[in-house]
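What follows is one structure encoded as structure tokens, with my remarks underneath.
Number of protein chains: 2
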Amino acid sequence: MDEFNFINILLTPLTRQHPETFALTDDAARLPPCPKGQEWLIASDTLIAGVHCFPDDAPQHIAAKLLAINLSDMAAMGATPHSYQLCLTLPRNVTAAWLEAFANGLGDTQLRYNIYLSGGDTTAHDGTLVASITMLGQCEKGACLQRSGAQPGDVIYVSGTLGDAALGLMLRKGQLPDLPETDRDYLLHRYLLPEPRIALGQQLRGIATSAMDISDGLLADLQHLCHASGVGADVQYNALPRSAAAHALETRYPEIWPKIWQQVFSAGDDYELLFTAPEDKLAEIKNFSQTLALPITRIGIATKSKHAPRLLDVSGSSISITKQGFMHL
Amino acid sequence: MDEFNFINILLTPLTRQHPETFALTDDAARLPPCPKGQEWLIASDTLIAGVHCFPDDAPQHIAAKLLAINLSDMAAMGATPHSYQLCLTLPRNVTAAWLEAFANGLGDTQLRYNIYLSGGDTTAHDGTLVASITMLGQCEKGACLQRSGAQPGDVIYVSGTLGDAALGLMLRKGQLPDLPETDRDYLLHRYLLPEPRIALGQQLRGIATSAMDISDGLLADLQHLCHASGVGADVQYNALPRSAAAHALETRYPEIWPKIWQQVFSAGDDYELLFTAPEDKLAEIKNFSQTLALPITRIGIATKSKHAPRLLDVSGSSISITKQGFMHL
Chain W
2 MDEFNFINIL LTPLTRQHPE TFALTDDAAR LPPCPKGQEW LIASDTLIAG
52 VHCFPDDAPQ HIAAKLLAIN LSDMAAMGAT PHSYQLCLTL PRNVTAAWLE
102 AFANGLGDTQ LRYNIYLSGG DTTAHDGTLV ASITMLGQCE KGACLQRSGA
152 QPGDVIYVSG TLGDAALGLM LRKGQLPDLP ETDRDYLLHR YLLPEPRIAL
202 GQQLRGIATS AMDISDGLLA DLQHLCHASG VGADVQYNAL PRSAAAHALE
252 TRYPEIWPKI WQQVFSAGDD YELLFTAPED KLAEIKNFSQ TLALPITRIG
302 IATKSKHAPR LLDVSGSSIS ITKQGFMHL
Chain P
2 MDEFNFINIL LTPLTRQHPE TFALTDDAAR LPPCPKGQEW LIASDTLIAG
52 VHCFPDDAPQ HIAAKLLAIN LSDMAAMGAT PHSYQLCLTL PRNVTAAWLE
102 AFANGLGDTQ LRYNIYLSGG DTTAHDGTLV ASITMLGQCE KGACLQRSGA
152 QPGDVIYVSG TLGDAALGLM LRKGQLPDLP ETDRDYLLHR YLLPEPRIAL
202 GQQLRGIATS AMDISDGLLA DLQHLCHASG VGADVQYNAL PRSAAAHALE
252 TRYPEIWPKI WQQVFSAGDD YELLFTAPED KLAEIKNFSQ TLALPITRIG
302 IATKSKHAPR LLDVSGSSIS ITKQGFMHL
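These protein sequences, in sequence, are chains W and P. Residue 214 in the numbering used here sits at position 213 of the first sequence, with consecutive numbering throughout. Residue 141 in the numbering used here sits at position 140 of the second sequence, with consecutive numbering throughout.
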């Protein structure tokens, strides 16, 4: 399958006949007017096979993860995703079957989030897949969530459970002992197919004082949020929400957990939302948690003292952390 | 230099303090409102070291080319470039000096075109540089140039001269004999630093019936334009505009030209504008050419018969072409 057939046969249907895309036959696409009272948000994320996924992952899963990590940026801003540009650099030996499955993965995820492909570029090189998406979203003017609004005394929350993606990755690498199939599948799935928290992000507008998604690891990302807000943070280790599968691992292999927990909580790829809100918003946040059937956990507090985020044990002592997050260079 | 220092020290200044970018500290950027009567255009292009440039090209030149090929898409639409997202996948062994020179190249080109960086992603892998830009531009509502409006009888024009980039690439690869330094430098420069025809694109709104930039080679790109417009095309070989340097090569080495001209005119990377206009727009187009000090050459005519673009010799016979353009897969 050559470049132009790939575009015409597999990518053009992903424009979902939006006339502004010119069916991918022109040099650019138009953006439709932003609805009154709304504004555009724009963000980009790259996925590399061998770094963010395995080259032999199912192509439809790679496509879904690529969209998910970009949708997660929109979730972090409280925006509604709209459309995207796709820059695909493919390995030269890519097969037609791979391309078809990849396009199917994009199509399935698009439908779930009501977005469409507006354009991009397709190239090939001697390496593994490098795929970048630029995602556009819309948000009520001036109402998007930012990292910079946390106030001392605000409560720090996270959605979902933390560390599952790290455990999923360790399982893939054969770094963990055997687990019951359900737990194993759950953790692998959490690594491969993160769930962008779009609905939560939208509900947090006007409630959260700051927000971001956790892509580089809890403490590293919290440090970015604290830096942007000019606050410090104290986080309770015992409060960090873990999935049943993570608990099962800890219980089954008590000798392993002490060796890996730092890596588990400081690895990235969770794509949960990290946010702050004043103490008096607790009832509303509990309500969101119930409505969305998504755990939201209070993990700590923003402090006036601008120290780097501290992880505290039950006695209130700071736990020393050796690795704070994933870094690309 | 680590990822966060690269962003903070070298990339953040490229936002030119536009508040909508949040100084690259957030999960997304806002787009400012589009001026009344205007609309947004969006396009993406990827540059790969080893495919679109040489890995050892000066980093500031690679940066300039990366922006230029994206600006060229805006030129092709008649749009005014506005801002861009940058997805950089760097070789793991990249040096601080390389990053600094690359950022300087972006900065210099930004200033020339009055654009700014609004966000993106920085990653690293085991391969060569893969850099994607998504460019946003603005254009009078509904007035952007498209590929689809050419009518039978319209004149086909190109800006600048054709084939220089192909010759520059052949020189780089040592595939051509020696040339006087001026000619050599000119051709190398045309390969390395294409000139997006922004001002011409803007002036062609309301004049050209179709337009695109030549990135994959004249005949391949003309075929796309013809397909989108539902016309055929006859192009006069003798009319194809060549630079003084290309002429010098042809004169100096008459035995070489017959062997390479097909490759010269069917290779990509010229980034000149290819457009059609009715016969009666000639005076206006001549005027643009003078004002912009940019040759604009009539190379052929759009035909009612929807045949693939034909290259005709002086006798009107079709010249057989074996290679029509650059393809990525």
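No residue lacks a Cβ here, since even glycine has one placed at the ideal position from N, Cα and C. Note that the coordinates shown come from a computational prediction; the quantities given were computed from them, not determined experimentally.
Below 8 angstroms on the Cβ atoms is my contact criterion, and I expect residue i with residue j to pass it. Report the Cβ-Cβ distance as a whole number of Å.
i      : j      : result
W/I302 : W/V159 : Incorrect: roughly 13 angstroms between the Cβ atoms, too far for contact.
P/P153 : P/K66  : At roughly 36 angstroms, the Cβ-Cβ gap does not stay under 8 angstroms, so P/P153 and P/K66 are not in contact.
W/L201 : W/L295 : 6 angstroms
W/T162 : W/S244 : 4 angstroms
P/R93  : P/A125 : 5 angstroms
P/A278 : P/T210 : 6 angstroms
P/M135 : W/T135 : For the sequence presented, residue 135 of chain P should be read as Thr rather than Met. So it is a contact: roughly 4 angstroms between Cβ atoms.
P/A80  : P/C35  : Not confirmed; about 11 angstroms, so no contact.
P/A268 : P/S149 : Going by Cβ atoms, the distance from P/A268 to P/S149 rounds to 25 angstroms, so no, they are not a contact pair.
Tell me, please, whether the CB atom of residue i is closer than 8 angstroms to any CB atom in chain W?
i      : result
P/F276 : no
P/S346 : For residue 346 of chain P there is no data in the structure shown, the boundaries of chain P being 2 and 330.
P/L15  : no
P/I63  : no
P/H83  : no
P/M171 : no
Any beta carbon of chain P sitting closer than 8 angstroms to that of residue i?
i      : result
W/R31  : yes
W/T90  : yes
W/T26  : yes
W/G164 : no
W/D179 : no
W/S119 : yes
W/I300 : no
W/L295 : no
W/E182 : no
W/Q147 : yes
Could you give the first and the last residue of the continuous beta strand (DSSP E) run that contains residue i?
i      : result
W/H19  : Neither: W/H19 is in no beta strand (DSSP E) and is coded neither H nor E.
P/D235 : 233-237
P/M2   : From DSSP, P/M2 is part of no beta strand (DSSP E); its letter is neither H nor E.
W/Y117 : 117-126
W/R311 : 311-313
W/H83  : 81-92
W/L364 : Not covered by the structure: residue 364 of chain W. The range shown for chain W is 2 to 330.
P/I297 : 297-304
W/D214 : 211-214
P/V159 : 156-160
Please return the same chain residues whose Cβ sits closer than 6 angstroms to the Cβ of residue i, not counting the five positions on each side in sequence.
i      : result
W/W262 : none
P/W99  : P60
P/M171 : L177
W/M78  : L42, C145, L146
P/T22  : T16, A30, S119
Using the C-alpha atoms, what's the distance from residue j back to residue i?
i      : j      : result
W/R311 : W/M75  : 28 angstroms
P/Y85  : P/A132 : 12 angstroms
W/K174 : W/L168 : 10 angstroms
P/G121 : P/P255 : 48 angstroms
P/L32  : P/K142 : 17 angstroms
P/S27  : P/L205 : The residue asked about is misnamed: residue 27 of chain P is Asp in this sequence, not Ser. Roughly 38 angstroms separates the two Cα atoms.
W/A284 : P/G128 : 50 angstroms
P/R359 : P/I199 : The first residue shown for chain P is 2 and the last is 330, placing residue 359 of chain P beyond what the model contains.
W/S319 : W/L48  : 35 angstroms
W/S73  : W/M213 : 9 angstroms
P/L180 : P/L250 : 7 angstroms
P/L130 : P/T90  : 6 angstroms
W/E40  : P/K37  : 14 angstroms
W/Q264 : W/V52  : 17 angstroms
Within the continuous alpha helix (DSSP H) that includes residue i, where are the two ends?
i      : result
W/M75  : 60-78
W/A102 : 97-114
W/I261 : 258-267
P/L283 : 283-293
W/I199 : 199-205
P/T252 : 245-253
P/C227 : 219-230
W/T183 : 182-193
P/D165 : 165-173
Among residues of its own chain, excluding the 5 on either side of residue i, which ones have a beta-carbon nearer than 7 angstroms to its beta-carbon?
i      : result
P/L12  : L25, A104, L118
W/Q203 : G79, T81
P/Q111 : L15, Y117
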